[in-house]
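So in the numbering used here, the last spot in the sequence shown is 324, and the numbers never skip. Every residue gets a Cβ at the ideal spot worked out from N, C-alpha and C, and that includes glycine.
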Amino acid sequence: MLCLLCSFVAGMMSSTAGTVIKSTGSWYLVYLDSGLSVECRMKGQLRIKGLNTKNTNPLAVGDRVDVQLERSGDYVISRLYDRRNYIIRRSTKLSKQTHIIAANIDRAYVMATLIEPRTSTGFIDRFLVTAEAYSIPASLIFNKRDLLDEELCEYVEALMQLYRGLGYPCWFISATDEKQVNELRQEMSTQVSLIAGHSGVGKSTLINALRPDLDLRTGKLSEAHSKGMHTTTFAEMHRLGDGWIVDTPGIKEFGIVDLERAELSHFFPEMRERFGQCRFNNCLHLNEPGCAVRDAVENSEIALTRYECYLAIINGDELEKEYD
Ligand SMILES: Nc1nc2c(ncn2[C@@H]2O[C@H](COP(=O)(O)OP(=O)(O)OP(=O)(O)O)[C@@H](O)[C@H]2O)c(=O)[nH]1
Ligand SMILES: [Mg+2]
Ligand SMILES: [Zn+2]
1 MLCLLCSFVA
11 GMMSSTAGTV
21 IKSTGSWYLV
31 YLDSGLSVEC
41 RMKGQLRIKG
51 LNTKNTNPLA
61 VGDRVDVQLE
71 RSGDYVISRL
81 YDRRNYIIRR
91 STKLSKQTHI
101 IAANIDRAYV
111 MATLIEPRTS
121 TGFIDRFLVT
131 AEAYSIPASL
141 IFNKRDLLDE
151 ELCEYVEALM
161 QLYRGLGYPC
171 WFISATDEKQ
181 VNELRQEMST
191 QVSLIAGHSG
201 VGKSTLINAL
211 RPDLDLRTGK
221 LSEAHSKGMH
231 TTTFAEMHRL
241 GDGWIVDTPG
251 IKEFGIVDLE
261 RAELSHFFPE
271 MRERFGQCRF
281 NNCLHLNEPG
291 CAVRDAVENS
301 EIALTRYECY
311 LAIINGDELE
321 KEYD
């Protein structure tokens, strides 16, 4: 009886919980709840729930896992806990392959620049739709303020007015200026934050400004195209006060995953707010008569760029079509 008890206790001790803080696809860095970081491999095939598309990474940064020490001295991940949430995208808009950027996050920040490189509102909106779909609060960070002339600054102010009106907090900073990031540091010190955006917008530069000791690699833009060179290659979480901040590799396109056409408008707050006001209760807000959403676009109560992005998503091949 005593022996049985001992082996039960030993079994319990051999596995310990932690958080994946870096994932390269072949090995993972796990921050154990004891405070130790260990390099791990994944044990065989872990069961991943709730994903019905082909996923390229079974484990993502932010995942809660159990880790076991094998007799060989290697650490292996033996269990993946259910995710509270995650941010997922298709590699390209039409690809069947999906990629989880990070899991279990408190707030997702999309970093955008008007120039060097240019971020379209379509990219921002697709990111926000995904954050809405997975109930992750989202904010916008407009970066490289120092590069913008007065006219472009005014344009950013107008964009911020639009997005703030939809409920998304906005920041307008130069990540190269440490003084400008103090308020962000305060906010990010108490939560798990994800920063995503095109390559070269300044994600790693911002994290360096928040935590200069990290000295993350940052990269120059290509001279020919003013685009980033994909300097950060793997997502990685860094400690910031009591919080964590996830640096991610630049993404070119943000393809939407696993949404149905009929539910898309629920993830646009300004359309969700008009739910039930269209003549037909299954209105897709395309050409149906008596559509409250189209009326709002015509009256400029809904921004045309937002509605055009809605149309692009619903008319594209990105969504799961119900009647296919
Ligand atoms: N002028 C100016 N340059 C900036 C600012 N923020 C970042 N940069 C520069 O932009 C370039 C790209 O910055 P990174 O931090 O490497 O960009 P990233 O978003 O991490 O890029 P990837 O890792 O490739 O996804 C670097 O040369 C930075 O110095 C800014 O606020 N103003
Ligand atoms: Mg980077
Ligand atoms: Zn409608």
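| Item | Value |
| --- | --- |
| Can you give me the C-alpha to C-alpha distance between Q277 and L264, rounded to a whole angstrom? | 16 Å |
| Run the proximity test for S204: is its beta-carbon closer than 7 Å to any non-hydrogen atom belonging to ligand 2? | yes |
| Please determine if the segment 211-222 and the segment 92-112 are in contact, where contact requires at least 3 C-beta pairs separated by less than 8 Å. | no |
| Taking just the CA atoms, how far does D74 sit from R90? | 33 Å |
| With a threshold of 7 Å (Cβ to nearest heavy atom), would V297 be considered close to ligand 3? | no |
| Rounded to the nearest angstrom, how far is the Cβ of A102 from that of V246, given a contact under 8 Å? | 5 Å |
| Please name the residue in V76, K227, H225 and D82 whose C-alpha comes closest to that of G62. | D82 |
| Please state the DSSP three-state secondary structure of Q66. | According to the sequence displayed, residue 66 carries Asp and not Gln. Strand. |
| Figure out for me which residue from Q68, A133, G25 and D106 has the closest Cα to the Cα of R272. | A133 |
| By Cβ distance, which residues of its chain are closer than 8 Å to T121, with the 5 residues on each side in sequence left out? | L159, T305, R306 and C309 |
| Under 8 Å, with one C-beta from each stretch per pair, do the segment 233-248 and the segment 289-298 reach the 3-pair mark? | no |
| Rounded to whole angstroms, what is the Cα-Cα separation between L36 and V65? | 14 Å |
| With H, G and I counted as helix, E and B as strand and the rest as coil, what does DSSP make of A158? | helix |
| Look at the alpha carbon of V20 and the alpha carbon of P169, and state the distance between them as a whole number of angstroms. | 28 Å |
| Mapping DSSP to helix, strand and coil, what is D242? | coil |
| Relative to ligand 2, is the shortest distance from any of its heavy atoms to the C-beta of T231 smaller than 7 Å? | yes |
| Considering only residues of the same chain and omitting the five flanking positions on each side of I302, which have a CB-CB separation below 6 Å? | E270 and A296 |
| Do T56 and ligand 2 come close, with the Cβ less than 7 Å from some heavy atom? | no |
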